[in-house]
Each structure stands twice: as C-alpha cells, then as structure tokens.
Ligand SMILES: C[S@@+](CC[C@H](N)C(=O)[O-])C[C@H]1O[C@@H](n2cnc3c(N)ncnc32)[C@H](O)[C@@H]1O
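In the numbering used here, the protein residues as written are 1135 to 1493.
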C-alpha cells in the first residue's frame, strides 16, 4: 500500500465542468435508448418513479437524458410523478448543480429533484426504493489510491507490477458499488451505467491508436521538474486514483452465479463497448485551426484532471503559486497541441451496461 494520500476528487466548479465536457454529454445522450428500454421494463410500483444519477458532477451533462427519461415514464403513465436524486461526493459543487437542474428541468410539472453528497461507495438510498439508477463516466474513480506509479500518472500506463494493486482495488470497489445498488433497487429496477473501460482493442480514454493523453500528461508534468519548477517527489505524487476495467473485469461478478453480486439478485442484461469521438478533434478536422483546437481541447482535460496535479504539489508552495504551476503545466500541453495538433484527441472509450434487480 502507498503512503501517499488519495487526492481529493473534484471537477472544476462553477459550471466549468459541463461547459467544457461536450463529449461527456454525447456519451450520456447515447444512453437514452438504453434508458428508454429499461423504463419500459420496470414495474411502476409505489408512487413516484424514483431515479438516481450517481456521480452527477454539476448535473448539466445529464439534463437531456433526464428529460427523455421523464418522457418515457409519462408515455406509460401520463400522471406519474418522477423524483430524481443527484449524487456526488460531499465537496461537489451542488450549488451549480441546483441552478443547472432548475434551469434544465424546472419547467417539467411533477418532477422533483433532490441531492445527496454521499459517495457511491456507501449506501445512498433506502432499501428497495429505486426504480432506475444511472451513472455516466464516474466509476473509474477508485475509493482510494491503492499504490504508486513511478513514471506514469495513470495506472493504464503503469508497469505490470504497479497495476496489480490498482486492479485489485478496482475489483473490490466494483463489488461494493454493485452490492449497494442491489440493495437500493426495487424488484425489477434497472441500472444503466456508462463507465470508462479498456476495450477489446486495448484503447481507453485519450488513446485510440494515435497520441496518448496520459503519456502527454506525464511528459509535461516531468517537464516542470526538468525546468526546476517542481521536485522529483512532486512528479511521482501525481497519480490518478482511477482504473479502466476490461469487459471481462466488468462482467466477472455477473458471470459467476455464486458471486455476492449474483446472490444479491443483480443480473446483467446488456454489455457493449463503444468509442465516442472527441468533439474537439472532430471540429479541428473540419476547421484546421490548431490554436483554436488547443484552446478548446485542453480545458476538457483540465475539467477533471486539475485537482490531481494540484494535489501533487507540496504544501510548502503558497496556494497562488500552486495554481500558477498548474496553469503553466496546462499551457505547455496546449502549446504542444497548437504546434503539432494531429493525433491529439480525447476519444471516450466506454463500457455500457444495463442490469436488472430480480424479484
Ligand atoms: C467525469 S465526472 C462525470 C459527471 C457526469 N456524470 C458526466 O458524465 O458528465 C465524474 C464524477 O464522479 C464523481 N465521483 C468520483 N468518485 C465518486 C464517488 N466515490 N462517489 C460519488 N461520486 C464520485 C466526481 O466527483 C465527478 O463529479
């Protein structure tokens, strides 16, 4: 086990997250058919149709899916009320979430929004109370940092030995998530999950055969050490508490009828991997404006990665200086993209799963 503390997981706030993550919204929108099919199957029991969005960040990216979900429920029962619980970690920017949800769903009668600042590694909802649970691009964040990476910033580029504790933590965390959700789901309820994965071709977020985002992060972070800005210890302290599971790793608890998850009554109904192309690289392919591409692209990386780099900096730097170092880091990434734009892309690589609670 590492002696290094787990960095605080936090998206950039004040709406920066959803304003700079068009791709995450595309991923969520692509789940709408899965959600519509799930809603058609779920028994409409017990008053309001109850929904949870696990790891919702500022709520902006899932507004389209939530509206489609309400429509799907109302197509079955025009008067059915819908209660949506948005969940994320306690220090998430829930103020922005409430504003985005009021702006995006406030016109829908009979839709009630709530929030819970509780980790999905804990129980969040009462027993058998949930009809449909959704989560987009959240469960690659582990419950803790289980080891250290010498040269890489992400386990996906760690050595085989470095990856072992990450894979073990990811398997244990996956079981924890599923067992809590199995307890929360009502009989016949469904979970629709879109999670980052390492797909059958070996691809993952930011690497689909061309430039590798995680290698580029590591290169520019080490570049700050070479420039005398940060120490070797700070280089090594930047480790994402994340893991991209393979399809086999996602399926494992379902493929074993004796597993705790199978015994809890969760059954896998659908599992596929899909790549959602980076919208910023797609626009660059049309417009061919390298500086505009770099200026739009790097903020989408920054929206979810900044806190890990800030957290790696020693507390002896005054806060303003830490921010300036991280600004310099993203500026050097942006300068590389502007100078050599071809091949940079944060394509999203997901495993899409639907599971049902038996009963
Ligand atoms: C990349 S964002 C995805 C946000 C949104 N679901 C989307 O797809 O656009 C990942 C979110 O997961 C949240 N998260 C990470 N670990 C979590 C945990 N243990 N419990 C709840 N939320 C968590 C983060 O705080 C962040 O808001």
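Think of the CB as a built atom: it goes at the ideal place given N, C-alpha and C, for glycine as much as any other residue.
- Query: Applying the criterion that 16 or more other CB atoms from any shown protein chain within 10 Å of the CB defines a buried residue, is residue 1183 buried or exposed?
  - Reply: Counted from its first residue, the chain shown places residue 1183 at position 49. Residue environment: residue 1183 is assigned as buried (16 or more neighbouring CB atoms within 10 Å of its CB, all protein chains considered).
- Message: Restricting to Cα atoms, I'd like to know which of 1415, 1270 and 1465 is closest to residue 1166.
- Response: Position 32 of the chain shown, counted from the start, is the residue given in the question as residue 1166. 1270 is the residue among 1415, 1270 and 1465 whose C-alpha sits nearest the C-alpha of residue 1166.
- Message: I'd like to check one pair, residue 1484 with residue 1407: are the Cβ atoms closer than 8 Å?
- Response: Taking the first residue of the chain shown as 1, we reach residue 1407 at position 273. Taking the first residue of the chain shown as 1, we reach residue 1484 at position 350. The beta carbons of residue 1407 and residue 1484 sit closer together than 8 Å.
- Task: Determine the direct distance from the alpha carbon of residue 1432 to that of residue 1362, and round the result to whole angstroms.
- Result: Counted from its first residue, the chain shown places residue 1362 at position 228. Counted from its first residue, the chain shown places residue 1432 at position 298. Approximately 23 Å, taken between the alpha carbons.
- Item | Per-residue burial, residue 1468 [other beta carbons within 10 Å of its own, 16 or more giving buried] | For the purposes of this step, residue 1468 is identified with residue 334 of the chain shown, where counting begins at 1. Flag for residue 1468 reads buried.
- Which residue comes first and which comes last in the alpha helix (DSSP H) that contains residue 1441? Locating residue 1441 in the chain shown gives position 307, counting from the first residue. For residue 1441, the uninterrupted alpha helix (DSSP H) run begins and ends at 1424-1446, by DSSP.
- Task: Quick one: give me the first and last residue of the beta strand (DSSP E) that residue 1403 is part of.
- Result: Residue 1403 sits at position 269 when you count from the first residue of the chain shown. 1400-1410 is the span of the beta strand (DSSP E), which, as asked, contains residue 1403.
- Message: Within a Cβ cutoff of 7 Å, which residues of the same chain sit near residue 1463, ignoring the five residues on either side of it in sequence?
- Response: Counted from its first residue, the chain shown places residue 1463 at position 329. Excluding positions up to five away in sequence, the list reads 1354, 1355, 1358 and 1443.
- Message: Helix, strand or coil, according to DSSP, for residue 1467 in the structure here?
- Response: Within the chain shown, numbered from 1, the residue matching residue 1467 stands at position 333. The three-state reading of DSSP puts residue 1467 in helix, counting H, G and I together.
- Exposure of residue 1352, with buried meaning 16 or more beta-carbon neighbours within 10 Å: For this step, residue 1352 is matched to residue 218 along the chain shown. Result: buried.
- Message: Rounded to the nearest angstrom, what separates residue 1481 and residue 1209 at their Cα positions?
- Response: Walking along the chain shown from the start, residue 1481 turns up at place 347. Walking along the chain shown from the start, residue 1209 turns up at place 75. Their backbone Cα atoms lie some 34 Å apart in a straight line.
- Task: Flag this pair as yes or no: are the beta carbons of residue 1188 and residue 1306 separated by less than 8 Å?
- Result: Within the chain shown, residue 1188 is the residue found at index 54, counting from 1. Within the chain shown, residue 1306 is the residue found at index 172, counting from 1. Cβ distance not < 8 Å, so residue 1188 and residue 1306 don't count as in contact.
- Message: For a test of the three-state rule: what should DSSP assign to residue 1384, helix, strand or coil?
- Response: The residue labelled residue 1384 in the question sits at position 250 within the chain shown. Reduced to three states, the DSSP call for residue 1384 is helix.
- Message: ligand 1 and residue 1481: does any heavy atom of the ligand fall closer than 7 Å to the residue's C-beta?
- Response: If you number the chain shown from 1, residue 1481 lands on position 347. Relative to ligand 1, even the nearest heavy atom lies 7 Å or more away from the CB of residue 1481.
- Looking at residue 1385 and residue 1402, is the spacing between their C-beta atoms short of 8 Å? Here residue 1402 refers to the residue found at position 268 of the chain shown. Here residue 1385 refers to the residue found at position 251 of the chain shown. For residue 1402 and residue 1385, yes; Cβs fall inside 8 Å.
- Would you give the residue range spanned by the alpha helix (DSSP H) that residue 1357 belongs to? Working through the chain shown from its first residue, we reach residue 1357 at position 223. Start and end: 1347-1360.
- With which residues is residue 1247 paired in a DSSP beta bridge? On the chain shown, residue 1247 is found 113 positions in, with the first residue counted as 1. Paired residue(s): 1218.
- Check whether the Cβ of residue 1308 sits closer than 7 Å to any heavy atom of ligand 1, and report yes or no. Here residue 1308 is taken as the residue at index 174 of the chain shown, counted from 1. No; taking the cut-off as 7 Å, the Cβ of residue 1308 has no heavy atom of ligand 1 nearer than that.
- Message: Measuring only the C-alpha atoms, how far is residue 1279 from residue 1371?
- Response: The count along the chain shown starts at 1 and reaches residue 1279 at position 145. The count along the chain shown starts at 1 and reaches residue 1371 at position 237. Answer to the nearest angstrom: the Cα atoms are 11 Å apart.
- Message: I'd like the span of the beta strand (DSSP E) that includes residue 1187, first residue to last.
- Response: Here residue 1187 corresponds to residue number 53 of the chain shown, with the count starting at 1. Run containing residue 1187: 1183-1188, per the beta strand (DSSP E) assignment.
- Query: Between the beta-carbon of residue 1161 and the beta-carbon of residue 1335, is there less than 8 Å?
  - Reply: Within the chain shown, the letter at position 27 stands for residue 1161. Within the chain shown, the letter at position 201 stands for residue 1335. The Cβ atoms of residue 1161 and residue 1335 do not sit closer than 8 Å to each other.
- Task: Taking residue 1424 and residue 1475 to be in contact with their CB atoms under 8 Å, please state how far apart those CB atoms are, rounded to whole angstroms.
- Result: As a first step, residue 1424 must be located in the chain shown, where it is residue number 290. As a first step, residue 1475 must be located in the chain shown, where it is residue number 341. With a Cβ gap of about 4 Å, residue 1424 and residue 1475 count as contacting.
- Where residue 1422 and residue 1472 are concerned, what is the direct C-alpha to C-alpha distance, given to the nearest angstrom? Here residue 1422 is taken as the residue at index 288 of the chain shown, counted from 1. Here residue 1472 is taken as the residue at index 338 of the chain shown, counted from 1. One Cα belongs to residue 1422, the other to residue 1472, and the distance between them is close to 11 Å.
- Helix or strand or just coil, what does DSSP make of residue 1169? Within the chain shown, the letter at position 35 stands for residue 1169. In this structure, residue 1169 counts as helix in the three-state DSSP scheme.
- Assigned exposure category for residue 1394 - 16 Cβ within 10 Å defines buried: Here residue 1394 refers to the residue found at position 260 when the chain shown is read from its first residue. It is exposed - the Cβ of residue 1394 has fewer than 16 other Cβ atoms within 10 Å.
- Query: Helix or strand or just coil, what does DSSP make of residue 1253?
  - Reply: By 1-based counting over the chain shown, the position of residue 1253 is 119. Coil.
- Spatial neighbours of residue 1135 within its chain, please: CB distance less than 6 Å, with the 5 preceding and 5 following residues excluded, ordered by chain position. Against the chain shown, residue 1135 aligns to sequence position 1. Low per-residue confidence applies at residue 1135: pLDDT is 38, beneath 50, and the placement is therefore not dependable enough to give any value.
- Measure the CB-CB distance between residue 1251 and residue 1228 and report whether it falls below 8 Å. To locate residue 1251, count along the chain shown from 1; it is residue 117. To locate residue 1228, count along the chain shown from 1; it is residue 94. The answer is yes: Cβ separation under 8 Å.
- Quick one: Cα of residue 1176 to Cα of residue 1254, how far? As a first step, residue 1176 must be located in the chain shown, where it is residue number 42. As a first step, residue 1254 must be located in the chain shown, where it is residue number 120. Each residue's Cα considered, the two are about 22 Å apart.
- Item | Paired residues, beta bridge with residue 1490 - DSSP | As a first step, residue 1490 must be located in the chain shown, where it is residue number 356. The partner list for residue 1490 (beta bridge, DSSP) reads 1324 and 1401.
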